[in-house]
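In UniProt numbering, the protein residues as written are 1 to 456.
By construction, the Cβ of each residue, glycine as well, lies at the ideal position given by its N, Cα and C atoms.
Following: one structure in structure tokens, then a few remarks.
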Ligand SMILES: [Zn+2]
């Protein structure tokens with residue numbers, strides 16, 4: 001009889017491809033799923049998972065971990081085994097260096113990287129004003145960098161058009177054509193010039209239509225969960241019906257978090273959206289937990305402080321309306337705090353995936369457990385072109401999460417109500433590339449099997 005590295009026994013095994021949850025045993029060997037069977041099998045390490053679900057590890061298609069270890073910890077403990085960084089137009093360039101460092105040092109979970117346009121590429125070619133479009137020469141330079149980074153293994157191109165409102169449509173299309181040529185994914189944080197600006201979503205559809213590129217619209221609830229989700233979904237449904245290859249991701253919260261120094265908090269933008277200072281609260285640094293005031297706003301902007309601000313804009317029911325669509329997957333939008341203290345920031349950083357199971361599966365009974373699992377595994381793997389992840393099959397990567405469907409829940413809270421970094425409950429084991437990284441509430445220090453994956 002084979003002796004496997006890890007054997008998980010008596011589990012409720014979730015297979016999102018067959019859309020079933022069946023009882024059985026799973027074996028891991030050399031980092032891969034080696035057997036799924038009802039027979040008795042032996043391992044060097046055996047886990048009795050009686051009463052628990054074993055699912056492919058969760059894939060977080062929209063985050064900003066970008067190699068930050070403490071931020072990665074908060075993803076891991078909710079069952080995420082693969083995270084996608086470089087979103088919203090930001091994140092590292094020089095991916096050859098990023099991959100070398102990450103894979104040299106090791107990381108908790110697997111990482112894929114987009115190349116960001118709106119901060120990263122634009123800054124690299126010397127554009128400092130977010131309200132002006134790139135020149136022809138600058139566009140050519142950005143195209144050349146993008147081609148090099150695709151060659152280095154980026155999963156795609158990301159736009160954060162709300163952060164670079166001056167980006168011209170020509171600039172966006174020129175870069176999108178490069179993504180299409182290399183068959184790369186494009187993630188789009190839409191331009192959103194005003195509240196309920198559905199034209200910005202139509203722009204995302206047009207980008208896919210004109211270039212043929214696969215497009216993923218970012219954090220849909222933060223963009224359109226403000227009373228126009230039905231209309232936004234109509235636009236996407238209609239485009240998909242015409243054959244446009246467009247998908248979207250969405251989170252579990254109605255309040256978004258972003259940097260104080262970005263154009264989202266420019267005076268005109270705040271006025272346009274009708275936000276009061278009392279709607280905006282400081283989520284990082286020494287003033288964390290306080291609402292903004294005019295005086296605080298002006299002094300922080302003057303100092304160009306990189307503080308995180310949380311803004312409550314959305315309608316809760318629109319979260320669920322979006323996530324009921326099969327083409328909309330779950331995402332956290334997690335990111336590190338500029339101070340490095342993960343005890344501040346947004347509860348999405350560590351609550352998103354357990355919250356889906358608590359809210360949509362258990363409390364509201366909007367979707368079945370296996371449909372929720374599919375949204376966190378198979379569908380994002382399909383969008384990302386990951387054939388060995390998100391599936392429960394022999395030969396797939398040994399990325400697994402073991403949790404109790406009856407108790408899994410988020411415990412993280414907004415500052416003032418609790419801890420933004422409180423670990424969720426009901427997640428018992430997280431296994432990455434065949435190695436146990438999280439076990440019964442504790443991260444195993446020094447176990448770093450996550451790979452930065454070059455998509456070539
Ligand atoms: Zn974004």
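Query - 7 Å CB neighbourhood of residue 96 in its chain, flanking five on each side removed - result: Taking the chain shown and counting its residues from 1, one reaches residue 96 at position 96. Annotation for residue 96: 152 place their beta carbon closer than 7 Å to its own, counting only its chain and skipping 5 residues before and after.
Requested in this report: Determine, using beta carbons only, whether residue 48 comes closer than 7 Å to chain C.
Outcome: Looking for chain C here will not work: only one protein chain is present.
Query raised in the report: For the beta strand (DSSP E) that residue 439 lies in, which residues bound it at each end?
Result: Mapped onto the chain shown, residue 439 falls at position 439. Start and end: 435 to 439.
Query raised in the report: Over what stretch of residues does the alpha helix (DSSP H) that includes residue 176 continue unbroken?
Result: Numbered from 1 along the chain shown, position 176 holds the residue referred to as residue 176. From DSSP, the alpha helix (DSSP H) with residue 176 extends over 169 to 181.
Query raised in the report: How is residue 110 classed by DSSP in three states: helix, strand or coil?
Result: The count along the chain shown starts at 1 and reaches residue 110 at position 110. In the structure shown, the three-state DSSP call for residue 110 is strand.
Requested in this report: Decide if residue 3 is buried, meaning its Cβ has at least 16 other Cβ atoms within 10 Å, or exposed.
Outcome: Within the chain shown, residue 3 is the residue found at index 3, counting from 1. Under this definition residue 3 is an exposed residue.
Query raised in the report: Can residue 88 be considered in contact with ligand 1, in the sense that its beta carbon sits closer than 6 Å to one or more heavy atoms?
Result: Against the chain shown, residue 88 aligns to sequence position 88. Here the distance from the Cβ of residue 88 to the nearest heavy atom of ligand 1 is below 6 Å.
Report task. In angstroms with no decimal places, state the Cα-to-Cα distance between residue 125 and residue 141. Result -> Here residue 125 refers to the residue found at position 125 of the chain shown. Here residue 141 refers to the residue found at position 141 of the chain shown. So the alpha carbons of these two residues sit roughly 7 Å apart.
Query - Counterpart residues of residue 45 in DSSP-defined beta bridges - result: The residue given as residue 45 occupies position 45 in the chain shown. Among the bridge pairs identified by DSSP, residue 45 is matched with 6.
Report task. Examine ligand 1 and report whether any of its heavy atoms sits within less than 6 Å of the Cβ of residue 459. Result -> In the structure displayed, the chain extends from 1 to 456; residue 459 sits before or after that span and is not available.
Query raised in the report: Between residue 374 and the rest of its own chain, which residues show a CB-CB distance below 6 Å, the 5 nearest in sequence each way excluded?
Result: As a first step, residue 374 must be located in the chain shown, where it is residue number 374. Cβ neighbours of residue 374 beyond the five flanking positions: 16.
Query raised in the report: Using a Cβ-Cβ cut-off of 8 Å (strictly less than) and excluding sequence neighbours within five positions of residue 341, which residues of its own chain qualify?
Result: Within the chain shown, residue 341 is the residue found at index 341, counting from 1. Closer than 8 Å at Cβ, skipping near neighbours: 284.
Report task. Starting from residue 346, trace the alpha helix (DSSP H) both ways and give me its first and last residue. Result -> Indexing the chain shown from 1 puts residue 346 at position 346. Following the DSSP letters along the chain, one finds residue 346 in no alpha helix (DSSP H), marked with neither H nor E.
Query raised in the report: Any heavy atom of ligand 1 closer than 6 Å to the Cβ of residue 218?
Result: As a position in the chain shown, residue 218 is number 218, starting the count at 1. True, at least one ligand heavy atom lies under 6 Å from that Cβ.
Query raised in the report: Say the cut is 6 Å; is the CB of residue 189 nearer than that to a heavy atom of ligand 1?
Result: Against the chain shown, residue 189 aligns to sequence position 189. Distances taken from the Cβ of residue 189 to the heavy atoms of ligand 1 include one shorter than 6 Å.
Query raised in the report: Rounded to whole angstroms, how far is the Cβ of residue 248 from the Cβ of residue 163, which I believe are closer than 8 Å?
Result: The residue labelled residue 248 in the question sits at position 248 within the chain shown. The residue labelled residue 163 in the question sits at position 163 within the chain shown. So it is not a contact: roughly 19 Å between Cβ atoms.
Query raised in the report: By the 10 Å Cβ neighbour count, where 16 or more other Cβ atoms means buried, how is residue 291 classified, buried or exposed?
Result: Translated into the one-based positions of the chain shown, residue 291 becomes position 291. Around the Cβ of residue 291, a 10 Å sphere holds fewer than 16 other Cβ atoms; the residue is exposed.
Query - Runs of beta strand (DSSP E) lying entirely within the segment 71 to 120, each at least 3 residues, in chain order - result: Taking only runs of at least 3 residues, the beta strand (DSSP E) segments lying wholly in the segment 71 to 120 are 80 to 85, 110 to 116.
Report task. Indicate whether residue 107 and residue 155 have their beta-carbon atoms separated by less than 7 Å. Result -> The residue you call residue 107 lines up with position 107 of the chain shown. The residue you call residue 155 lines up with position 155 of the chain shown. Not closer than 7 Å, so no.
Report task. Spatial neighbours of residue 407 within its chain, please: CB distance less than 7 Å, with the 5 preceding and 5 following residues excluded, ordered by chain position. Result -> Here residue 407 is taken as the residue at index 407 of the chain shown, counted from 1. Excluding residues within five positions, the ones whose Cβ falls inside 7 Å are 425, 426.
Query raised in the report: Whose C-beta lies closer than 7 Å to the C-beta of residue 37 among residues of the same chain, with five residues either side of it excluded?
Result: On the chain shown, position 37 is the one that residue 37 refers to. So the qualifying residues of the chain are 24, 25.
Report task. Taking 7 Å as the cut-off, decide whether the C-beta atoms of residue 54 and residue 8 are in contact. Result -> As a first step, residue 54 is located in the chain shown; it is residue number 54 there, counting from the start. As a first step, residue 8 is located in the chain shown; it is residue number 8 there, counting from the start. Yes, these two residues count as a Cβ contact at 7 Å.
**Report entry** Rounded straight-line distance, which links the Cα of residue 333 to that of residue 233
**Finding:** On the chain shown, residue 233 is found 233 positions in, with the first residue counted as 1. On the chain shown, residue 333 is found 333 positions in, with the first residue counted as 1. Going from the Cα of residue 233 to the Cα of residue 333 covers about 20 Å.
Requested in this report: State the start and end residues of the unbroken alpha helix (DSSP H) segment that holds residue 200.
Outcome: Position 200 of the chain shown, counting from 1, holds the residue named residue 200. Run containing residue 200: 199 to 211, per the alpha helix (DSSP H) assignment.
Requested in this report: Leaving out five residues on either side along the sequence, give the residues of the same chain with a beta carbon under 8 Å from the beta carbon of residue 444.
Outcome: Position 444 of the chain shown, counted from the first residue, corresponds to residue 444. Only 436, 437, 438 meet the Cβ criterion.
Query raised in the report: Can you list, in chain order, the stretches of the alpha helix (DSSP H) that have 4 or more residues and sit fully within the segment 343 to 388?
Result: Complete alpha helix (DSSP H) runs here, min 4: 348 to 356, 369 to 376, 378 to 384.
Report task. Tell me residue 403's beta-bridge partners as DSSP assigns them. Result -> In the chain shown, the residue the question calls residue 403 occupies position 403. Here residue 403 is bridged, per DSSP, to 53, 427.
Query raised in the report: For the beta strand (DSSP E) that contains residue 159, what are its first and last residues?
Result: Start at 1 with the first residue of the chain shown, and residue 159 comes out as number 159. Going by DSSP, residue 159 is part of the beta strand (DSSP E) stretching over 156 to 160.
Query - Reference residue 447; option with closest CA among 12, 222, 109, 59 - result: If you number the chain shown from 1, residue 447 lands on position 447. Residue 109 is the option with its Cα nearest to residue 447.
Requested in this report: Give every residue of the same chain whose Cβ lies closer than 7 Å to the Cβ of residue 174, excluding the five residues on either side of it in the sequence, and list them in chain order.
Outcome: On the chain shown, position 174 is the one that residue 174 refers to. Cβ neighbours of residue 174 within its own chain (closer than 7 Å, five residues either side excluded): 139, 143.
Query raised in the report: I think residue 260 touches residue 309, with their Cβ atoms under 8 Å apart; what is that distance to the nearest whole Å?
Result: Within the chain shown, the letter at position 260 stands for residue 260. Within the chain shown, the letter at position 309 stands for residue 309. Yes, they are in contact, since the Cβ atoms of residue 260 and residue 309 sit about 5 Å apart, within 8 Å.
Requested in this report: Can you check DSSP and say which residues form a bridge with residue 311?
Outcome: Counting from one through the chain shown, the residue named residue 311 turns up at place 311. When beta bridges are read from the DSSP output, residue 311 appears opposite 256, 280.
Query raised in the report: Do residue 59 and residue 385 have their C-beta atoms within less than 7 Å of each other?
Result: Within the chain shown, numbered from 1, the residue matching residue 59 stands at position 59. Within the chain shown, numbered from 1, the residue matching residue 385 stands at position 385. Contact flag unset, no.
Query raised in the report: Could you give the C-beta distance for residue 335 and residue 420, rounded to a whole number, given that I count them as a contact under 8 Å?
Result: For the purposes of this step, residue 335 is identified with residue 335 of the chain shown, where counting begins at 1. For the purposes of this step, residue 420 is identified with residue 420 of the chain shown, where counting begins at 1. The Cβ separation is near 12 Å, so there is no contact.
Query raised in the report: Is it true that the segment 252 to 267 meets the segment 295 to 307, where meeting means three or more beta-carbon pairs spaced less than 8 Å apart?
Result: In short, these stretches touch, since the Cβ pair count reaches three.
Query raised in the report: DSSP beta-bridge partners for residue 247?
Result: Along the chain shown, read from residue 1 onward, the residue named residue 247 stands at position 247. Beta-bridge pairing links residue 247 to 216.
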